[in-house]
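Enquirer: Going down the list, the sequences are from chains A and B.
Just so you know, we're using my numbering here: the first sequence kicks off at 73 and counts up by one.
Just so you know, we're using my numbering here: the second sequence kicks off at 73 and counts up by one.
Just so it is clear, CB atoms sit at the ideal spot from N, CA and C, and this is done for glycine as well.
All figures in this text were calculated on a predicted structure; none of them were measured in a lab.
Below you will find the structure I want to go over with you.
2 protein chains.
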Amino acid sequence: MKDISQKLIGLLHRGYATPQIARIAKRLKEPSTTIHYNIKKLENEGQVKAYKAVFDYKKIEQGFCAYVLLNFSPDEYGDPERIGRELAKYEEIESVDIITGDWEMVIKVRANDQDAYYEFVKSVISRKGVSKITTLMSLKQIKTEFVEL
Amino acid sequence: MKDISQKLIGLLHRGYATPQIARIAKRLKEPSTTIHYNIKKLENEGQVKAYKAVFDYKKIEQGFCAYVLLNFSPDEYGDPERIGRELAKYEEIESVDIITGDWEMVIKVRANDQDAYYEFVKSVISRKGVSKITTLMSLKQIKTEFVEL
DNA sequence: CTAATTATTTGAATTTTATTCAATAAGATA
DNA sequence: TATCTTATTGAATAAAATTCAAATAATTAG
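Dropping the structure here:
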């Protein structure tokens, strides 16, 4: 047996989906060629970054979720944006923002469980340049990626 | 002229997309019927909640983004989860989580600009039961919804 | 352990959908 | 107004999804 589902989840995570032109056309009561034209326009103008799946993360062994607030030491490795772009490469990280206020960055992290999260923090997030880490652990995810759960 | 793009953005926000079976099949070097079978299985088991677009929010007049940390007064209107589900209905709100620690809830909000955000906080987020609001305003969005910007 | 049952894989045929193309219409510009 | 650009749309084509039936693999029951 091939285990295809994990590969599918991996691909659908960030892309490998496409708009349903015919369904949108029916819904908006417009010809599908009009919808097609307008969607391609949105894509060509860069307004659409990707089409992707949103998962029930509990069911795909990614039930643990936390928001992590970070501070950086002012001296070493300086640039928070560079660090942010490096962190963004990890597929465990859903979002990365540089923010105002008492913290400099907030990242949203998903993991299988608290142990996996702890390992991820230890190996990836804790690093030279990070001076303080505050974890806001999600007890109940009500909405994510604009999709209600 | 019809302004279709706003309607498209509205629909593609939460759904109206579908997986690209043929492209996935090529990528994984499997027959498209096998991919089809496995994707339907994921869907039927409820592992996939939706297929949707991710936008370049600056380009669709949703450039403002903030994480809002909330506390509730213990007495009135009690249930944070109920409040969370009500907030989740607003399309301006990308995510809602009930969390551990100094705050009880974190929501991620998008708006056209700071003024629109302020109006949204005034009219929707501030309400009986909310005792404290802390805004972490995003200065730079590096990754969102698992998509790098 | 073996038989029976269930789940998965796959090619061929069919149905549906996306895409291309050309003509027209609408809007913008000079 | 005349000209150029952008948007809409139907018809034709190309591509993709879906259905179906058969074969294979995995699991379960006896």
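At least one CB of chain B closer than 8 Å to the CB of residue 203(A): is that the case?
Expert: Counting from 1 along the first sequence, the entry for residue 203(A) is found at position 131. Not closer than 8 Å to any Cβ of chain B, the Cβ of residue 203(A) fails to qualify, so no.
Enquirer: Rounded to the nearest angstrom, how far is the Cβ of residue 80(B) from that of residue 96(A), given a contact under 8 Å?
Expert: Sequence index remark: in the second sequence, residue 80(B) carries index 8 (1-based). Sequence index remark: in the first sequence, residue 96(A) carries index 24 (1-based). At roughly 7 Å, the Cβ-Cβ gap stays under 8 Å, so residue 80(B) and residue 96(A) are in contact.
Enquirer: Since residue 115(B) contacts residue 76(A) with CB under 8 Å, what's their CB separation in whole angstroms?
Expert: To locate residue 115(B), count along the second sequence from 1; it is residue 43. To locate residue 76(A), count along the first sequence from 1; it is residue 4. Not quite, the Cβ-Cβ distance comes to about 14 Å (not below 8 Å), so this is no contact.
Enquirer: Check whether chain A comes within 8 Å of residue 73(B), counting only Cβ atoms and requiring the distance to be less than that.
Expert: Reading the second sequence from its first residue, position 1 is the one you call residue 73(B). Judged by the 8 Å Cβ criterion, residue 73(B) is not in contact with chain A.
Enquirer: With residue 159(A) as the anchor, note down where its alpha helix (DSSP H) starts and where it stops.
Expert: For the purposes of this step, residue 159(A) is identified with residue 87 of the first sequence, where counting begins at 1. It spans 152-160 - the alpha helix (DSSP H) in which residue 159(A) sits, taken as one unbroken run.
Enquirer: To which residues of the same chain is residue 215(A) closer than 8 Å at the C-beta, ignoring the five residues directly before and after it?
Expert: By 1-based counting over the first sequence, the position of residue 215(A) is 143. Around residue 215(A): 221.
Enquirer: Taking only beta carbons into account, state which residues of the stretch 84-95 of chain A come closer than 7 Å to chain B, listed in chain order.
Expert: Answer set for the stretch 84-95 of chain A: 84, 85, 86, 88, 89, 90, 91, 92 and 95.
Enquirer: Taking residue 92(B) as part of the beta strand (DSSP E), name the residues at either end of that continuous run.
Expert: Position 20 of the second sequence, counted from the start, is the residue given in the question as residue 92(B). It is not in any beta strand (DSSP E) - residue 92(B) carries neither H nor E in the DSSP assignment.
Enquirer: Roughly how many angstroms lie between the CA atoms of residue 124(A) and residue 106(B), to the nearest whole one?
Expert: Along the first sequence, read from residue 1 onward, the residue named residue 124(A) stands at position 52. Along the second sequence, read from residue 1 onward, the residue named residue 106(B) stands at position 34. Residue 124(A) and residue 106(B): Cα-Cα distance of roughly 20 Å.
Enquirer: Output yes if chain B places a C-beta closer than 8 Å to the C-beta of residue 142(A); else output no.
Expert: Translated into positions along the first sequence, residue 142(A) becomes position 70. For residue 142(A), the answer is no, since every Cβ of chain B falls outside 8 Å of its Cβ.
Enquirer: For residue 186(B), which beta-bridge partners are listed by DSSP?
Expert: By one-based count along the second sequence, residue 186(B) stands at place 114. BP columns for residue 186(B) are empty, so no partner.
Enquirer: Please report the distance separating the alpha-carbon of residue 217(B) from that of residue 186(B).
Expert: Taking the second sequence and counting its residues from 1, the one referred to as residue 217(B) is at position 145. Taking the second sequence and counting its residues from 1, the one referred to as residue 186(B) is at position 114. About 22 Å.
Enquirer: Taking residue 157(A) as the query, report the chain B residues whose CB atoms sit under 7 Å from its CB, ordered along the chain.
Expert: As a position in the first sequence, residue 157(A) is number 85, starting the count at 1. Ordered by position in chain B, the residues that pass the 7 Å Cβ test against residue 157(A) are 214.
Enquirer: Could you check whether residue 136(B) and residue 201(B) sit closer than 8 Å to each other, using their CB atoms as the reference points?
Expert: On the second sequence, residue 201(B) is found 129 positions in, with the first residue counted as 1. On the second sequence, residue 136(B) is found 64 positions in, with the first residue counted as 1. Taking 8 Å as the Cβ cut-off, residue 201(B) and residue 136(B) do not qualify as a contacting pair.
Enquirer: Would you mind sorting residue 171(A) into buried or exposed? The rule is 16 or more other CB atoms within 10 Å of its CB.
Expert: Start at 1 with the first residue of the first sequence, and residue 171(A) comes out as number 99. Its Cβ being crowded by 16 or more others within 10 Å, residue 171(A) is buried.
Enquirer: To the nearest angstrom, how far is the alpha carbon of residue 119(A) from that of residue 146(B)?
Expert: As a first step, residue 119(A) is located in the first sequence; it is residue number 47 there, counting from the start. As a first step, residue 146(B) is located in the second sequence; it is residue number 74 there, counting from the start. Answer to the nearest angstrom: the Cα atoms are 43 Å apart.
Enquirer: Tell me, to the nearest whole angstrom, how far the beta carbon of residue 219(A) is from that of residue 121(B); I am working on the premise that it is less than 8 Å.
Expert: Indexing the first sequence from 1 puts residue 219(A) at position 147. Indexing the second sequence from 1 puts residue 121(B) at position 49. 5 Å between Cβ atoms; contact.
Enquirer: Does any CB atom of chain A fall closer than 8 Å to the CB of residue 167(B)?
Expert: Counting from one through the second sequence, the residue named residue 167(B) turns up at place 95. Answer yes: the Cβ-Cβ gap between residue 167(B) and chain A drops below 8 Å somewhere.
Enquirer: Considering Cα atoms alone, identify which of 110(A), 108(A) and 78(A) is closest to residue 113(B).
Expert: As a first step, residue 113(B) must be located in the second sequence, where it is residue number 41. Minimum Cα distance to residue 113(B) is reached at 78(A).
Enquirer: Got a sec? Which residues, its chain only, sit under 7 Å from residue 192(B) by beta carbon, not counting five neighbours each side?
Expert: Position 120 of the second sequence, counted from the start, is the residue given in the question as residue 192(B). Excluding residues within five positions, the ones whose Cβ falls inside 7 Å are 164, 181 and 183.
Enquirer: For chain B, find out if any of its Cβ atoms is closer than 8 Å to the Cβ of residue 190(A); answer yes or no.
Expert: Indexing the first sequence from 1 puts residue 190(A) at position 118. For residue 190(A), the answer is no, since every Cβ of chain B falls outside 8 Å of its Cβ.
Enquirer: Under the DSSP definition of a beta bridge, which residues are partnered with residue 220(A)?
Expert: As a first step, residue 220(A) is located in the first sequence; it is residue number 148 there, counting from the start. Beta-bridge pairing links residue 220(A) to 215(A).
Enquirer: So is residue 139(B) buried or exposed if we call it buried at 16+ other beta carbons inside 10 Å?
Expert: As a position in the second sequence, residue 139(B) is number 67, starting the count at 1. So residue 139(B) counts as buried.
Enquirer: Using the beta-carbon count (16 or more within 10 Å), is residue 117(A) buried or exposed?
Expert: Within the first sequence, numbered from 1, the residue matching residue 117(A) stands at position 45. Residue 117(A) should be labelled exposed.
Enquirer: Please classify residue 79(B): does DSSP put it in a helix, a strand, or coil?
Expert: Taking the second sequence and counting its residues from 1, the one referred to as residue 79(B) is at position 7. Helix, per DSSP.
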